[in-house]
Structure formats: C-alpha cells, structure tokens
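Each residue of the sequence shown is one higher than the one before, starting from 1 at the first, in the UniProt record's numbering.
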Amino acid sequence: MDDNTVIMTVINEAWSAPGSLLDAFLESFHIGEHIERLLKHLIFVAMDRKAYDRCRSFHNLCFFLKVEGVNFTSDKVYMSKDYLKMMWSRNKLQGRILEMGYNFLFTDVDIVWFRNPLRHISVAAHITFASDDFYGNPDDLANIANGGFLYAKSTKNTIEFFKNWYSARERYPGEHDQYVFNKIKYEFSSRFRVTIRFLDAVYCDGLCHPRKDFDKICTFHVTCRAGLASKLHELRNAIEEWKRYKGDQPHETPNNIGHKA
Numbered sequence: 001m002d003d004n005t006v007i008m009t010v011i012n013e014a015w016s017a018p019g020s021l022l023d024a025f026l027e028s029f030h031i032g033e034h035i036e037r038l039l040k041h042l043i044f045v046a047m048d049r050k051a052y053d054r055c056r057s058f059h060n061l062c063f064f065l066k067v068e069g070v071n072f073t074s075d076k077v078y079m080s081k082d083y084l085k086m087m088w089s090r091n092k093l094q095g096r097i098l099e100m101g102y103n104f105l106f107t108d109v110d111i112v113w114f115r116n117p118l119r120h121i122s123v124a125a126h127i128t129f130a131s132d133d134f135y136g137n138p139d140d141l142a143n144i145a146n147g148g149f150l151y152a153k154s155t156k157n158t159i160e161f162f163k164n165w166y167s168a169r170e171r172y173p174g175e176h177d178q179y180v181f182n183k184i185k186y187e188f189s190s191r192f193r194v195t196i197r198f199l200d201a202v203y204c205d206g207l208c209h210p211r212k213d214f215d216k217i218c219t220f221h222v223t224c225r226a227g228l229a230s231k232l233h234e235l236r237n238a239i240e241e242w243k244r245y246k247g248d249q250p251h252e253t254p255n256n257i258g259h260k261a
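So this is what it looks like as structure tokens:
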C-alpha cells in the first residue's frame, strides 16, 4: 500500500487444504464490499512446504517460515508445545516485519473479511488490536487483546515494544503471546511510549461475544472454538449469513482504501 502497510496471515497444510479455512478466508474477500483488491497486499506465511506450494499455486506473495525441529503441518492443539512455538514464531516474525520498515495488519486465517477494517484503525496509534472483551472505550488498556487480529506501525518505539514482548515470554513460561501481552501491556506501553488502541467489537466481531451487526461488521473471527472442523463450520455460517444480508442490499459505490484520522 502507499503507506508501506502489508496484510499478513499464517497458514499450514491443514488450514490450507482444499475446502479448509484458507478457502473460506479467500472467499470472504471476493464477496465482501470492495475488498478484493486488498488481496494484492496480502502475504501468506507458510509454516510447511505443502502450505507454501498451495499458496504459490494461486498467489505471488508467499513466504516459507521454517522453524527447526517442529512439524507445523497439522492443526495444533491449543496450548500444546507446538502450538506455543507457532505463536511465538509468528510474534518474532511480526517484529522483523517492523524492523524492515513495514507496517502490518495481521489476521488469523480463521477470520472472514466483509469490509475494510483499516478505516477504523487510527493513524495516532502505534498498535491496534481486536478485542475478546471490549468495554466501550478504544483507549482503555483493560480491554482484552486478541493477537489474531492486530495492526502495528513501524516506529522505533513499536519495534522496541515487540522485541521486549517476545523476550517477556521467559517471564511467563508455557503461555502464548496474547496472554503475555495482556500481562505486560501497562508496563511496556508506558516504558516505550507506545499508544495502544482496541477496535470496537461491532467492527471486528468474534464468536465469543457475537454481535453480527451486518450494517457495520468488517471482520468476523471464530474465537472460542477449538478444532478445525468446528471453526470451518462457523466460518461457513458467517459467510452464508453475509450472503443473505447482501441479497437484500442495494448496489453500493466503492470508496478508497485508507485509515481514519
């Protein structure tokens, strides 16, 4: 994008198999409101060779992230050793993207997109998260961050924040990046002078506390569900609900991509 922002997601063999999460994720960009063009800014981070090959079969921006000693091909059990390695490998890569001078919008692949969420991300914030528990004030650090959907701006302060966030995993052994963030967000936002905001859940919705206000929704995340089959079922349900909603709507005029001030 013009402001050096990339969109990125992580895939493995299980998630990228035909008919799996990746297909639902991609379909949402094609049926959403004027967001298909965002696909050219989307980088797929493949955790194994088959996922990389699947990506290369339809897309140009594919990156193979090889982590020694771990097999990431299958769906990982929540909080298992391999799951934690995957989450922290993702976190480390995000920091490297910032160091390279790129802003990024990270999205899990168990999210469907219906509108452009960048419109609701303030340029004043260094880091913006979706929230599992949103209490009404986007500046309130008490909101519970969801690491599956976050925007980060490449600045010196943000880079230092991510470096120390990754290092903080040693404070909380056996925990994932999202848990650690919610533990260190007060301390680190103050220390590194980083502004953190949270997206209103009406725009970035999730299954934990679903609103499904289709007049406003931008993304829908299958949170609070374990297992590939269960997640895929919920993604398909959301897509079908969106299609029914759009069937009743008049044609709309495209708007330009961008952040809100």
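Ideal Cβ placement from N, Cα and C applies to all residues, glycine included.
Checking the DSSP bridge columns, you'll see Met8 partnered with Ile43, Phe106.
Between Gly227 and Asp132, the C-beta gap is not smaller than 8 Å, which leaves the two residues out of contact. Within the region 224-249, the complete alpha helix (DSSP H) runs of at least 4 residues fall at 228-247. Secondary-structure assignment with DSSP links Asn116 through no beta bridge to anything. Here Ala201 has Ala130, Ser131, Phe134, His209, Arg211 as same chain residues with Cβ atoms under 8 Å from its own Cβ, once five neighbours each way along the sequence are excluded. Counting other Cβ atoms within 10 Å of its Cβ, Ala124 stays below 16 and is therefore classed as exposed. Taking every protein chain shown into account, the CB of Arg169 has 16 or more other CB atoms within 10 angstroms, so this residue is buried.
Exposure of Cys224 is indicated by the presence of fewer than 16 other C-beta atoms within 10 angstroms of its C-beta.
Per DSSP, reduced to three states, the secondary structure at Ile111 is strand. In the DSSP assignment, Asp53 falls within the unbroken alpha helix (DSSP H) covering 49-56. Under DSSP, Asn146 takes part in a beta bridge, and its partners are Ala130.
In the DSSP assignment, the residues bridged to Ile196 are Ile127. One Cα belongs to Asn116, the other to Asp48, and the distance between them is close to 29 Å. Assignment of beta-bridge partners to His221 by DSSP yields Ile111, Gly206.
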